[in-house]
Amino acid sequence: MTNGGGHIHLVLPDATERAACFRMLAAGTGRVVRSFASAEAWIEAEGEDSCAILLFHWRLPGATNGAALLGRVAARPGIAAFVAAEQLSVAESRAILCGGARDLLPAPLDPRLVRRAVDAALAEGRLRQAMLDRHREAEARLAALTPRERAVLDAIAAGLGNKAIARQLELSPRTVEVHRANIMRRAGAGNVAELLRLQFIAEFVRDAPPKRVRFGG
């Protein structure tokens, strides 16, 4: 979760509930927590520009209800949306499940449950960011390889030895040895295991894990 400043935003119409969740989320942390009584107030404050975690009631007062707010943030991959609701219809449950919410929390909200859910989302976001950083580093280290060196690397990853790679690519074994040495040097890899880890990270650590929707934490 790298959107903006990574703030936690609450859109909760009940002042008591809003204050209780605010205190629980802000206690003992350096986090920035902002609270709003309506979706309109959040939109007017341009909350989307700095929000990483958004918690809101499904039934909100005003022109922008929970469904509209979820639809607004669903296209923002940097925002994890938590929906608070009670006594939902089947259609409403389906809308939340299919609408991109990360979690559905029971209302009235338990601030301790809110804290656990938000802590888990932030921890997952940090892990995901670390994975993306490793992915970018691996891509950068392999970017200098020529197409022929890429082909040799793919063959190495498939477990082929120099002679088998030479036959497959119609090269001499000596040429394969030269390519291997160049690959190691360009990638800055100390050994074949490190080289293969780089290739794996560059190729497969791309997409974030699918969003999960849980009921009640």
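Counting from 81, one number per residue, gives the positions in the sequence shown under our numbering. No residue lacks a Cβ here, since even glycine has one placed at the ideal position from N, Cα and C. Predicted, not measured: the structure shown is a model, and the values here were computed from it.
Straight-line gap, residue i to residue j (C-alpha atoms, nearest Å)
i: Arg-214; j: Phe-116; result: 36 Å
i: Ile-88; j: Leu-278; result: 34 Å
i: Arg-195; j: Ala-235; result: 48 Å
i: Ala-99; j: Leu-207; result: 29 Å
i: Leu-105; j: Ser-130; result: 17 Å
i: Thr-109; j: Arg-192; result: 15 Å
i: Ile-176; j: Val-112; result: 26 Å
i: Thr-96; j: Glu-166; result: 17 Å
i: Thr-255; j: Pro-227; result: 15 Å
i: Glu-217; j: Trp-138; result: 40 Å
i: His-259; j: Ala-125; result: 57 Å
i: Ile-123; j: Arg-114; result: 13 Å
i: Ala-147; j: Phe-280; result: 39 Å
i: Pro-157; j: Gln-209; result: 13 Å
i: Asp-199; j: Ser-173; result: 24 Å
i: Phe-284; j: Ala-273; result: 16 Å
Check whether residue i and residue j have beta carbons under 8 Å apart
i: Ala-44; j: Ala-132; result: Past the boundaries of the shown model lies residue 44; the chain is included only from 81 to 297, so the question cannot be answered.
i: Val-91; j: Ser-118; result: yes
i: Arg-187; j: Ala-201; result: The residue you asked about is not Arg; residue 187 is Ala in the sequence shown. Contact flag unset, no.
i: Pro-93; j: Leu-149; result: no
i: Phe-162; j: Leu-135; result: yes
i: Arg-266; j: Leu-225; result: yes
i: Ala-155; j: Glu-120; result: no
i: Leu-233; j: Ala-282; result: no
i: Leu-45; j: Ala-197; result: Nothing in the structure corresponds to residue 45, since the chain is present only between 81 and 297.
i: Ala-262; j: Glu-229; result: For the record, residue 262 in the displayed sequence is Asn; it is not Ala. Yes. Within cutoff.
i: Met-264; j: Leu-275; result: yes
First through last residue of the alpha helix (DSSP H) which encompasses residue i
i: Ala-106; result: 95 to 106
i: Arg-208; result: 191 to 222
i: Pro-227; result: 227 to 237
i: Ala-244; result: 242 to 249
i: Leu-177; result: 170 to 178
i: Leu-276; result: 272 to 284
Buried versus exposed, by CB contacts within 10 Å (16 or more), residue i
i: Ala-246; result: buried
i: Val-170; result: exposed
i: Gly-268; result: exposed
i: Arg-294; result: Residue confidence is low: Arg-294 scores 39 on pLDDT, short of 50, so the model does not pin down where it sits. No coordinate-derived value is stated.
i: Ala-238; result: exposed
i: Arg-182; result: buried
Extent of the continuous beta strand (DSSP E) run through residue i
i: Ala-165; result: 160 to 165
i: Arg-114; result: 113 to 116
i: Ala-154; result: Looking at the DSSP string, Ala-154 is not in any beta strand (DSSP E), and its letter there is neither H nor E.
i: Leu-135; result: 131 to 137
i: Leu-185; result: 183 to 186
i: Leu-90; result: 87 to 91
Integer-rounded CB distance, given that residue j should sit under 8 Å from residue i
i: Glu-257; j: Asn-242; result: 6 Å
i: Gly-151; j: Gly-127; result: 15 Å between Cβ atoms; not a contact.
i: Ala-231; j: Leu-249; result: 6 Å
Any C-beta of chain D under 8 Å from that of residue i
i: Ala-148; result: In summary, chain D is missing from the structure at hand, where a single protein chain is found.
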